[in-house]
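In terms of numbering that gives the first Met the number 0, the numbers along the sequence shown are unbroken and rise by one, the last being 439. Don't be surprised by glycine CBs; every beta carbon is placed ideally from N, CA and C. These numbers were taken from a predicted model, which means no experiment stands behind them.
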Amino acid sequence: MPRIQPFRAVRYTQEAGSASDLVAPPYDVIDVVHREELARRSPHNVVHVTLPQPPPGQSEDARYEAARATWRNWEAKGVVARDERPSVYVLTQRYRLPDGREVTRTGVLARMRLHRFSEKIVLPHEKTLVAPIEDRLKLTTAVRVQLEPIFLVFPDAGGRAREVLAAAAKSPAVVSVRTEDQTEQGLHVLTDPEALAALGAAVEPVRAVIADGHHRYQTALAYREREGEDVEGPHQWVLAFLCPLEDEGLVILPTHRLVHSLEGFDAEHFLGRAGEIFSVQELHVDAADSTGQRRVLEALAEAGRDRHAFAVVAPGGRAWLLTLPRGGAATMGATMPEAPEVRDLDVTVLHSVILQDLLGIDPEAQARKTHLEYFKKTDEAFARILGASGPREGQLLFLMNPTRMEQVRAVAEAGYKMPQKSTYFFPKVPSGLVFNPLYD
């Protein structure tokens with residue numbers, strides 16, 4: 000089962016500057032404009048190595064050598080330095096939920112032993128693409144440092160891991176920073192041998208599910224293969240953030256879908272066809288104002304307690320609720336997957352029945368986002384369908400309930416993968432708090 004160990008992490012020193020100027024979101028959620036904003040904050044911001052740029056006039060591949068040179072320069076100037084003692088790092092993340100409640104998610108940054116997925120010790124729930132793995136492998140090989148953690152969840156039925164983490168979180172934080180998503184991040188160093196042993200004992204008997212960072216985990220496996228699977232060394236481990244499933248702050252938020260640019264689209268025709276499968280209820284609200292939007296979301300949440308449920312919003316502000324009894328998807332056609340764990344997901348019903356069967360957006364077009372846009376923020380999704388933003392006119396907005404954590408676990412343990420954008424674990428684990436050197 001997953002083994003974790005303390006390690007001598009590399010961290011930013013006081014020479015680097017303020018933590019708020021140094022940390023960044025994971026590389027795969029940063030666009031070009033955001034990357035430049037982060038890079039301008041400090042010459043030591045982590046994006047200079049997680050998203051390096053090639054020198055002028057050189058090929059794209061030159062960016063990996065640029066990252067290596069930047070990292071070596073930081074080491075030489077004392078911008079980053081290795082901790083003296085092997086430690087794990089407890090991370091607290093205090094943030095506000097969409098309903099206004101404040102919660103804290105607590106987990107631990109540590110080295111975790113790598114396992115192939117076939118061993119069923121570390122379980123994925125999403126498919127991966129080749130190109131991002133190749134990119135991250137070139138970067139890891141050049142810098143010889145794991146720059147960003149993967150995010151995993153694990154069951155802590157007895158509560159022992161949570162006890163250890165809660166106690167460690169009471170110690171003074173070595174880093175305190177509010178990140179762009181308004182999350183208060185606190186990093187606490189844990190070196191006590193008894194606490195470390197208790198934490199390791201709580202994690203080792205269970206299986207861990209990757210919440211975020213599938214490509215980074217696959218990259219670590221590929222790097223281990225290059226360095227030698229049968230040779231002991233730092234390449235046998237991966238930088239991981241592990242959080243108990245039972246933690247109060249572990250939540251999954253929904254990702255909403257907007258459909259655009261379908262030729263010959265007619266909303267009334269779609270609703271008529273949908274009515275042959277779903278119960279279709281018009282919500283007599285004006286989704287163009289905040290009160291109406293709140294009522295749409297409340298109706299969606301209530302319906303989703305015991306049914307597949309989707310709120311559909313048209314450009315003029317009309318809204319409908321589409322519902323289907325749980326288990327009703329089992330009788331759907333050939334486009335639905337056979338695995339019951341996957342059939343039970345709202346996102347599966349949406350992608351297979353609504354997007355593919357009713358709207359004609361096949362899986363390849365879905366993967367290319369030909370007619371789809373994704374929104375994590377509900378207010379931005381409403382603004383887009385109501386015409387306040389976006390280059391193309393939206394035709395329908397599909398608002399989702401979040402995937403439940405037990406569904407993610409069931410799919411992963413059964414060995415299946417979920418449709419794209421099925422889970423949005425919030426907040427992200429920031430990059431730049433700790434680094435895992437792949438050298439002794």
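Query                                                                                                                                                             : Result
Alpha carbon to alpha carbon, what distance is there between Met111 and His438?                                                                                   : Correcting the residue identity first, residue 438 is Tyr in this sequence and not His. So the two alpha carbons sit approximately 16 Å from each other.
Does Pro243 pass the burial test, meaning 16 or more other C-beta atoms within 10 Å, or should it be called exposed?                                              : buried
Can you round the beta-carbon distance between Thr402 and Leu344 to whole angstroms, since I take them to be within the 8 Å contact cut?                          : 6 Å
When you compare the CB positions of His492 and Glu125, do they come within less than 9 Å of one another, or not?                                                 : The question about residue 492 has no answer, for the chain in this structure spans 0 to 439.
Could you check if Thr347 is buried or exposed, using at least 16 other CB atoms within 10 Å of its CB as the buried criterion?                                   : buried
In whole angstroms, give me the CA-to-CA distance for Lys119 and Lys368.                                                                                          : 31 Å
DSSP state of Glu262, grouped into three classes?                                                                                                                 : coil
For Tyr373, list the residues DSSP reports as bridge partners.                                                                                                    : Arg256
From Ala65, Val295, Thr49 and Glu224, pick the residue whose C-alpha is nearest to that of Pro55; which is it?                                                    : Ala65
Roughly how many angstroms separate the alpha carbons of Pro429 and Ala18, rounded to a whole number?                                                             : 11 Å
Output the boundary residues of the beta strand (DSSP E) element that contains Val208.                                                                            : Ala207 to Asp211
Using DSSP bridges, identify the partner residues of Met404.                                                                                                      : Beta-bridge pairing links Met404 to no other residue.
Which one or two residues does DSSP pair with Phe6 in a beta bridge?                                                                                              : Ser86
Relative to the C-alpha of Gly271, which candidate in Arg391, Leu357 and Lys137 has its C-alpha closest?                                                          : Leu357
So the candidates are His187, Gly77, Ala298 and Gln355; which of them puts its Cα closest to the Cα of Met399?                                                    : Ala298
Could I get the ranges of all uninterrupted beta strand (DSSP E) runs contained in the stretch 206-251, with 3 residues as the minimum, in chain order?           : 207-211 and 236-243
Using a threshold of 9 Å, state whether the C-beta atoms of Ala219 and Thr127 are closer than that.                                                               : no
Tell me the rounded alpha-carbon separation between Leu385 and Glu392.                                                                                            : 9 Å
Using C-beta distances below 7 Å, list every residue in its chain close to Thr12, excluding the 5 sequence neighbours before and after it, in chain order.        : Gly77, Val78, Val79 and Ala80
Does Glu203 come out as helix, strand or coil in the three-state DSSP assignment?                                                                                 : coil
In chain order, what residues of the same chain lie with their CB nearer than 6 Å to the CB of Asp211, ignoring the 5 residues before and after it?               : Phe150 and Phe424
Between Arg67 and Val142, which are expected to be in contact by the criterion C-beta below 8 Å, what is the C-beta distance as a whole number of angstroms?      : 5 Å
Closer than 6 Å by C-beta to Phe309: which residues in its own chain qualify, once you throw out the five before and the five after it? Chain order, please.      : Leu321 and Phe397
The alpha helix (DSSP H) that contains Ile132, what's its start and end?                                                                                          : Val129 to Val142
List the endpoints of the continuous alpha helix (DSSP H) containing Ser289.                                                                                      : Ser289 to Ala302
I need the straight-line Cα distance from Arg440 to Glu101, nearest angstrom please.                                                                              : Since the displayed the chain opens at 0 and closes at 439, residue 440 lies outside it and no answer follows.
With DSSP collapsed to three states, give me the class of Thr103.                                                                                                 : strand
Determine, using beta carbons only, whether Lys420 and Val28 come nearer to each other than 9 Å.                                                                  : no
To the nearest angstrom, how far is it from the Cα of Gln292 to the Cα of Phe381?                                                                                 : 8 Å
Count the other CB atoms, across all protein chains shown, that sit within 10 Å of the CB of Leu354; report buried if there are 16 or more and exposed otherwise. : buried
If you reduce the DSSP assignment to three classes, tell me which class Ala80 lands in.                                                                           : strand
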